[in-house]
Amino acid sequence: MNALAATFRYVLITAIRDRMVAAILAGHIAVLGGAALMAASALTEGRYTGLAMAGEAMRAVMVLGLITFISFHVRRMEETREIEAILTRPISRWAFVLAYFGAYAGIAVLLALCTAPLLFFAFSANGMGLIEWQASLLLECLIIVAISLFCALSLGSATASVMGGVGLYAICRLGAFFRAISENHTGILDQPGADRIANWVVEGLAAVLPRLDLFGQGRWLIYGPGGGWGVRELLVQAAITVPLLLLATIRDLTIKRY
Amino acid sequence: MAIACPRLSWRDVSLSLCLVGLVALQIVDGLHLRPLRSAIEQMPSPPSAAALKAMAFGDDQFLYRAELSWLQEVGDGGGRLRPLREFDYGRVADWLRALDRLDPQSDAMFQLGSAYFGAISDPKTASTQLPPLIDYYAEGGMADPARRWHWLVWAAIKTQHVVKSPVMADRLVDDLLAVRANPDAPAWLPLLAPPLLRAVGETERAAALDADPDIVERRRKANEILRERHAVGRTPN
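Each protein sequence line maps, in turn, to chains A and B.
Using my numbering, the letters of the first sequence correspond one by one to residues 342 to 599.
Using my numbering, the letters of the second sequence correspond one by one to residues 28 to 264.
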C-alpha cells in the first residue's frame with residue numbers, strides 16, 4: 342500500500358513537473374473555446390453542436406495526453422535505469438506494473454473528472470446523460486492507460502510507443518466500422534477466395550479488439566442515456582480489456598525485457 | 028552610471044543580420060503571396076454509409092454535428108461567398124439524407140435545409156433549385172408525419188408558391204391525403220392539398236377534394252380549434 346502511494350505521489354509530481362496536468366487542463370479550456378465558437382456559428386441547435394464537439398475533443402485531449410505522457414515517462418525511466426533500480430528491490434513485476442498502472446490511472450481519473458463540470462458550466466450539460474458520459478470517459482481512460490503502459494514497456498522507443506498507442510486506439514475506435522463490413526460481407530476484391538479471407542480478417546479484428554467506439558457517445562450529452570447500451574456494457578468491456586492488457590504487459594516485462 | 032555594453036563578435040552580428048534578413052524576406056514574400064486565395068471548396072458527393080461509420084469513429088453524434096457545421100459553411104472560403112444558385116441541390120439533398128441517418132432525432136437538417144438552402148429569394152432560381160429539397164422533405168416527412176409534419180408543410184408551401192410543378196404537386200397531394208390514415212399526424216395536414224392543386228391549375232380536382240366530406244369535416248374541426256384558441260388569446264399552432 343505504501344509502495345502504491347509512493348508511486349502515485351512520484352508519478353503525480355512528474356506529471357505536474359512535466360506540465361502534463363497543466364497541458365491537459367489548458368487543452369480542455371481551449372476545446373471549450375473552440376466548441377463555443379462552433380456553437381455560436383451553428384445555424385441551429387448551437388448548444389448541441391457545442392456539446393458534441395467539446396465532448397469528442399475532450400476525449401481526444403485526454404487520450405493523446407495520456408498516451409504521450411506515459412510513453413515518454415516510461416522511456417525516461419528506462420533511459421535513467423530507474424526501472425532496473427526499482428526492480429532490484431524486493432518488488433515483483435506484478436507489483437511494479439500494478440503500482441504504475443494505479444498511479445497513471447489515478448491521475449487520468451482526476452483529470453477526466455474535470456470534464457463534466459466544465460461541460461456543465463460551458464454548455465449547461467446535465468442529467469443522467471452527463472453522468473453516463475463522465476463514467477464512460479473514466480473507463481475509457483483506464484483502458485487508455487493500460488494500452489499506453491503496454492506499448493511503452495513493450496516497444497523500444499517513445500515515438501514507437503506513442504504511434505503504437507494512438508494506432509491501437511484508432512483501430513479500436515473503428516470497431517463499428519469493422520462490424521459493419523463483416524456483417525455486410527463487403528467484397529473489396531474481385532476474387533471470392535480473397536474476399537472471404539478479408540472478411541475473416543475483419544471479423545477477427547472486430548471480435549478481438551475492445552469496442553472503444555461504444556464509449557463517450559456525444560448522443561448521451563444531448564439526448565441523455567440510450568442508444569442500446571450504457572455503462573454496464575462499458576464496465577464489462579473495461580473489466581476484460583484492462584486486466585488483459587496488464588497481463589500482457591507483465592508477461593512482456595517478465596519474459597522479454599528484464 | 029555607465030551601462031555595460033556586451034561586446035558582440037562578428038559572428039553574433041552576422042547571425043543577427045541573417046535573422047533580420049530572413050524576417051524581411053518573409054514579409055516581402057507574404058506581400059507577394061497576399062493576392063493569392065485558397066480555392067473555394069466544392070461540395071463533394073456524400074460518403075457511403077460504411078464510410079460514414081468509419082469517419083464517425085464510433086461517435087455518430089459528433090460526426091453529425093461536425094458535418095452539419097461543414098455543410099453550413101461549404102462553398103465559402105478565402106473571404107468569398109458562393110451564391111446558393113451555384114450549388115448542386117441534388118447533392119445538398121443527398122447530404123441531408125446521409126446526415127439524417129446519423130441522428131434521426133434532430134431537426135437541424137430541416138432548419139439548415141429550409142432556412143438556409145431553401146431561402147433562395149429569386150423565384151426563377153428557386154423553382155429550378157428547390158425540387159430535390161422538396162422531395163427530400165416530403166420523403167422525410169412521410170416517414171414520420173406525426174413528428175415531422177412541418178417538413179411536409181414546407182414541401183407543400185414551396186411547391187404551391189415557388190416551384191408550381193404539377194408532377195410534384197400530384198405527388199405531394201397523394202402524400203398529404205395518405206396522412207389521413209395516420210391518427211398521430213395533425214388532422215389538418217390534408218387541408219394543404221386543395222390549394223396545392225389550385226396553384227398548378229387543377230381546379231376541378233381541388234374543388235372535388237374541397238367537397239369531400241372527410242376534408243369538410245377536417246376543415247370544420249380545424250376552424251373550430253382556431254376559433255377557440257383565438258377566443259382564449261392563444262397563438263394558434
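Here a beta-carbon is modelled for each residue, glycine too, at the ideal position from N, C-alpha and C.
{"Check": "Between the CA atoms of Leu496 of chain A and Ala579 of chain A - distance to the nearest angstrom", "Outcome": "23 Å"}
{"Check": "Cβ contact (3+ pairs, closer than 8 Å) linking the stretch 397-408 of chain A and the stretch 109-129 of chain B", "Outcome": "no"}
{"Check": "Sub-8 Å separation of Ala444 of chain A and Thr348 of chain A beta-carbons", "Outcome": "yes"}
{"Check": "Proximity test, Cβ basis, 8 Å: Arg573 of chain A and chain B", "Outcome": "no"}
{"Check": "Contact set between Phe437 of chain A and chain B, taken where Cβ atoms lie within less than 7 Å", "Outcome": "Per Cβ cutoff of 7 Å: no residues; Phe437 of chain A is ~33 Å from chain B at best."}
{"Check": "8 Å contact criterion, which Gly470 of chain A and Tyr564 of chain A should meet: CB distance rounded", "Outcome": "7 Å"}
{"Check": "Sub-8 Å separation of Ala212 of chain B and Leu224 of chain B beta-carbons", "Outcome": "no"}
{"Check": "Euclidean distance between Cα positions of Leu594 of chain A and Leu494 of chain A", "Outcome": "7 Å"}
{"Check": "Of the listed residues A:Ala499, A:His369, A:Gly391 and A:Ala367, nearest to Leu378 of chain A (C-alpha basis)", "Outcome": "A:Gly391"}
{"Check": "Contacts of Gly374 of chain A in chain B (Cβ-Cβ under 7 Å)", "Outcome": "Per Cβ cutoff of 7 Å: no residues; Gly374 of chain A is ~16 Å from chain B at best."}
{"Check": "Distance, Asp202 of chain B Cα to Leu79 of chain B Cα", "Outcome": "30 Å"}
{"Check": "Collapsed DSSP secondary structure at Arg175 of chain B in the structure displayed", "Outcome": "coil"}
{"Check": "Backbone CA spacing between Trp181 of chain B and Ser141 of chain B [nearest angstrom]", "Outcome": "8 Å"}
{"Check": "Any chain B beta carbon closer than 8 Å to Gln532 of chain A", "Outcome": "no"}
{"Check": "Ser502 of chain A and Cys513 of chain A closer than 8 Å at C-beta", "Outcome": "no"}
{"Check": "Length of the line joining the Cα atoms of Val450 of chain A and Cys482 of chain A", "Outcome": "7 Å"}
{"Check": "Given Met169 of chain B as reference, the closest of B:Tyr116, B:Trp37, B:Phe144 and B:Leu199 once Cα atoms are compared", "Outcome": "B:Leu199"}
{"Check": "Pairwise C-alpha distance: Ala235 of chain B and Pro533 of chain A", "Outcome": "59 Å"}
{"Check": "Among B:Arg38, B:Pro131 and B:Tyr143, the one whose alpha carbon lies nearest that of Tyr116 of chain B", "Outcome": "B:Tyr143"}
{"Check": "Sub-8 Å separation of Tyr163 of chain B and Asp130 of chain B beta-carbons", "Outcome": "no"}
{"Check": "Minimum C-alpha distance to Leu98 of chain B - residue among B:Asp86, B:Leu111 and B:Gly106", "Outcome": "B:Leu111"}
{"Check": "Rounded separation between Gly375 of chain A and Ile354 of chain A - CA only", "Outcome": "30 Å"}
{"Check": "Chain-ordered chain B contacts of Gly557 of chain A [CB-CB under 7 Å]", "Outcome": "Asp86"}
{"Check": "Distance, Arg61 of chain B Cα to Cys45 of chain B Cα", "Outcome": "24 Å"}
{"Check": "Beta-carbon proximity check, Ala249 of chain B vs Trp215 of chain B, cutoff 8 Å", "Outcome": "yes"}
{"Check": "Among B:Ala220, B:Asn209, B:Met136 and B:Ala208, nearest to Gln187 of chain B - alpha-carbon criterion", "Outcome": "B:Ala220"}
{"Check": "Of the residues A:Val486, A:Glu574, A:Ser412 and A:Leu460, the one placed nearest Gln475 of chain A, counting alpha carbons only", "Outcome": "A:Leu460"}
{"Check": "CB-CB length for Ala395 of chain A against Arg388 of chain A, believed under 8 Å", "Outcome": "Actually they are not in contact, since the Cβ atoms of Ala395 of chain A and Arg388 of chain A sit about 10 Å apart, beyond 8 Å."}
{"Check": "Proximity of Leu384 of chain A and Gln132 of chain B at Cβ, strictly below 8 Å", "Outcome": "no"}
{"Check": "Under 8 Å between C-beta atoms of Arg400 of chain A and Gly557 of chain A", "Outcome": "yes"}
{"Check": "Three-state class that DSSP yields for Gly228 of chain B in the structure shown", "Outcome": "coil"}
{"Check": "Interface partners of Arg388 of chain A on chain B, CB under 9 Å", "Outcome": "Within chain B, no residue comes near Arg388 of chain A; the closest Cβ sits about 11 Å away, beyond 9 Å."}
{"Check": "C-beta atoms of Val438 of chain A and Thr590 of chain A nearer than 8 Å", "Outcome": "yes"}
{"Check": "The stretch 112-137 of chain B: positions lying closer than 7 Å to chain A by Cβ", "Outcome": "Gln132, Ser133 and Ala135"}
{"Check": "Backbone CA spacing between Asp109 of chain B and Ala153 of chain B [nearest angstrom]", "Outcome": "Per the sequence presented here, residue 109 of chain B reads as Arg, with Asp not at that position. If I take the Cα positions, the gap works out to 16 Å."}
{"Check": "Contact check, Leu480 of chain A vs Leu585 of chain A, beta carbons under 8 Å", "Outcome": "no"}
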